[in-house]
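Residue numbers (the working numbering), protein chains in the order written: chain A, 1 to 303; chain B, 1 to 376.
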């Protein structure tokens, strides 16, 4: 299936991190990107890091419960529990079950795992890299991992974590993993960032702040901006004759909510450099039908 | 439970809910309403939009202290009950509060510097097991203690799991009592800077520690130990305060206003928050479903435009979501819906109108149906 040029460039990457303010639809957009890129022939895993699972519902599959579960041709989903991934690293390194249990039950490890900066983030990214390199037994072969990342501020922490950990922990398996991940993430050809926003004041403000933080802290620019949840464009003046009287509450609500969208779209056009994709609100319930309809929009758009 | 939005029985209102549902705007609206009812009021917010900051007339100075909002002048024009109480606003800044607390509890300048310069602490800022969220509650505690306000409205941080913030004091007490401090104070390292095996663990202990040594390298553990030992003189003061904050949050005088987004997909979130609050012994006040698309009468035009079809569909979706949500709670639970406004409320007059609308809908005997039928 033909991909718009903006998506085609994303498709060549190994990791795509999807981030943005809470409530803008990151999970939905992750699912939409996953579906569109899998239709285009990539083998895609969409990873969600949230104790309350939502992603499976978007793609119409049962909850993953932590496993990699198929969600369509060349498409899988997983709900990742960072603490479990971390424990898994301990299991792999120590191997002797009695000692593993000692380590996992020890105060030092518990507080280390909870308080050591960047360790959970390292576990999440490390897991993605191991899957892509075929280092996880029983997992499907993959081309791309889409990470439905935590909200904005935490998204930057996630990307910054390997560098931070590699500065703090210089030796041992965690140190080596951190170094490997830092180099991987620093390569925009392999790891891309997609920012999701809505055309409303607060989400746009956060998207712009996120862009600045990425530049300042990581010297990176997002590869894609997705503007989600737009009300349909209001007909131009030429079509005004088609409209009912302006005091109609329905028309008025539509016109003014879209005007708010337009104002924020203009702000983004003035201040956001780089590719952007607009996604409409559609009268379809949350679920596979909505994800498919939005993926169609991505493919159809001649960007 | 009093159905009143503002009540002297509840001098502290804490606004909670998922990210992006409009908590901050509603906190400001409740604050304006409270001041106009004659109470000296403080609104404490975390991350207001630029417009809301403009509306309240607060800038960076509000990170340091409570700043008066010029209610009288702005609302003079709209009439009605007029700005008799004082309205102040402040912005919560975890990092600054933390630094201030370190300064207060550290016995001397050297101890203070030892903490602030610690590499572990600096790498950690933003994620010390919720300690920064906790620091924000500290400021609330300070303000309630001085008794200047008849009503305080607290907005909560935009975290995905907003209740983490409430559990922060208990977590800090647990953290200080049980684990990390002892880890930090233990003589982990011998004179040569090598990790010491603990006798209690015997041979297995040595294997486990050797693993930790290999896995994390010793630098980080050393930094952590140094941080917690630098922190130890502050321990008693922090612990007392954390317990005070905990008691304040659980007091029957503290009421939680739970804000939710519209639509069925938000129901699990709302239910989760409500149940967690109640199970944990906090006092849940009204649930506000915010930005509900109004219901419009069925279409008569045979080929409606995209926008009208969408808005009708959204109105039906949100009404269905409200009915389902209401069915999950007892009839005694105050539950109110606020319609999506054509424009976001971004000045004091609009905030005042929003607060009044919320109060009116809450007082109405059947707020749900009113909303559903109440297209603007």
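For each residue, glycine too, the CB sits at the ideal point set by N, CA and C.
Kindly indicate which residue of the options has the alpha-carbon position closest to the one of residue i.
i                      : options                    : result
residue 43 of chain A  : A:18, A:28, A:74, A:62     : A:74
residue 354 of chain B : B:280, B:288, B:332        : B:288
residue 280 of chain B : B:297, B:249, B:4, B:267   : B:249
residue 31 of chain B  : B:15, B:19, B:21           : B:15
residue 334 of chain B : B:345, B:359, B:340        : B:359
residue 128 of chain A : A:99, A:109, A:158         : A:158
residue 64 of chain B  : B:143, B:117, B:41, B:29   : B:143
residue 17 of chain B  : B:310, B:240, B:155, B:307 : B:155
residue 175 of chain A : A:118, A:282, A:103        : A:118
residue 181 of chain A : A:167, A:196, A:168, A:162 : A:162
residue 70 of chain A  : A:142, A:16, A:136, A:263  : A:142
residue 322 of chain B : B:272, B:350, B:361, B:266 : B:266
residue 222 of chain A : A:133, A:101, A:27, A:277  : A:277
residue 374 of chain A : A:205, A:72, A:97          : Given a span of 1 to 303 for chain A in the structure shown, any question on residue 374 of chain A remains unanswerable.
residue 280 of chain A : B:252, B:285, B:167, B:311 : B:311
residue 131 of chain A : A:144, A:120, A:255, A:121 : A:144
residue 41 of chain B  : B:19, B:51, B:7, B:23      : B:7
residue 100 of chain B : B:68, B:115, B:50, B:69    : B:115
residue 52 of chain A  : B:269, B:343, B:251        : B:269
residue 20 of chain A  : A:196, A:250, A:202        : A:196
residue 178 of chain A : A:45, A:123, A:46          : A:123
residue 191 of chain A : A:146, A:101, A:200        : A:146
residue 19 of chain B  : B:29, B:46, B:297          : B:46
Just list the residues that DSSP pairs residue i with in beta bridges.
i                      : result
residue 48 of chain A  : A:79, A:148
residue 15 of chain B  : B:155, B:257
residue 89 of chain B  : B:43, B:67
residue 17 of chain A  : A:147, A:193
residue 287 of chain B : B:258, B:335
residue 276 of chain A : A:225
residue 20 of chain B  : DSSP lists no partner for residue 20 of chain B.
residue 70 of chain A  : A:76
Check the Cβ-Cβ distances between residue i and every residue of chain B, and say whether any is below 8 Å.
i                      : result
residue 26 of chain A  : no
residue 81 of chain A  : no
residue 272 of chain A : no
residue 297 of chain A : no
residue 78 of chain A  : no
residue 283 of chain A : yes
residue 260 of chain A : yes
residue 62 of chain A  : no
residue 22 of chain A  : yes
residue 17 of chain A  : no
residue 135 of chain A : no
residue 253 of chain A : yes
residue 158 of chain A : no
residue 303 of chain A : With a pLDDT of only 42 at residue 303 of chain A, under 50, the local geometry of the prediction cannot be trusted, and the value read off the model is given with reservation. Not closer than 8 Å to any Cβ of chain B, the Cβ of residue 303 of chain A fails to qualify, so no.
residue 232 of chain A : yes
I think residue i touches residue j, with their Cβ atoms under 8 Å apart; what is that distance to the nearest whole Å?
i                      : j                      : result
residue 193 of chain A : residue 214 of chain A : 7 Å
residue 361 of chain B : residue 336 of chain B : 5 Å
residue 48 of chain A  : residue 98 of chain A  : Not confirmed; about 34 Å, so no contact.
residue 261 of chain B : residue 291 of chain B : 7 Å
residue 32 of chain A  : residue 268 of chain A : Residue 32 of chain A to residue 268 of chain A, Cβ: 19 Å. No contact.
residue 67 of chain B  : residue 90 of chain B  : 7 Å
residue 45 of chain A  : residue 68 of chain A  : 6 Å
Got a sec: is the Cβ-Cβ distance from residue i to anything in chain A below 8 Å?
i                      : result
residue 309 of chain B : yes
residue 93 of chain B  : no
residue 262 of chain B : no
residue 83 of chain B  : Here residue 83 of chain B scores only 49 on pLDDT, less than 50, and its place in the model should not be relied on; the value that follows carries that caveat. It does not; no Cβ of chain A falls within 8 Å.
residue 270 of chain B : no
residue 80 of chain B  : Per-residue confidence for residue 80 of chain B stands at a pLDDT of 49, beneath the threshold of 50, marking its modelled position as unreliable; the derived number appears in the next sentence. No, no contact with chain A.
residue 5 of chain B   : no
residue 141 of chain B : no
residue 49 of chain B  : yes
residue 185 of chain B : Here residue 185 of chain B scores only 47 on pLDDT, less than 50, and its place in the model is too uncertain to base an answer on.
residue 344 of chain B : yes
residue 20 of chain B  : yes
residue 167 of chain B : no
residue 199 of chain B : Legend: pLDDT at residue 199 of chain B = 43, less than 50; position of this residue unreliable, no value from coordinates given.
residue 357 of chain B : no
residue 46 of chain B  : no
residue 318 of chain B : no
residue 60 of chain B  : no
Is it the case that the CB of residue i approaches a heavy atom of the ligand MG more closely than 7 Å?
i                      : result
residue 170 of chain B : As presented, the structure is devoid of all ligands, the ligand MG included, so that no description of it is given.
What are the uninterrupted segments assigned as beta strand (DSSP E) that are 3 or more residues long and contained completely in the region 185–265 of chain A, given in chain order?
191–198, 224–230
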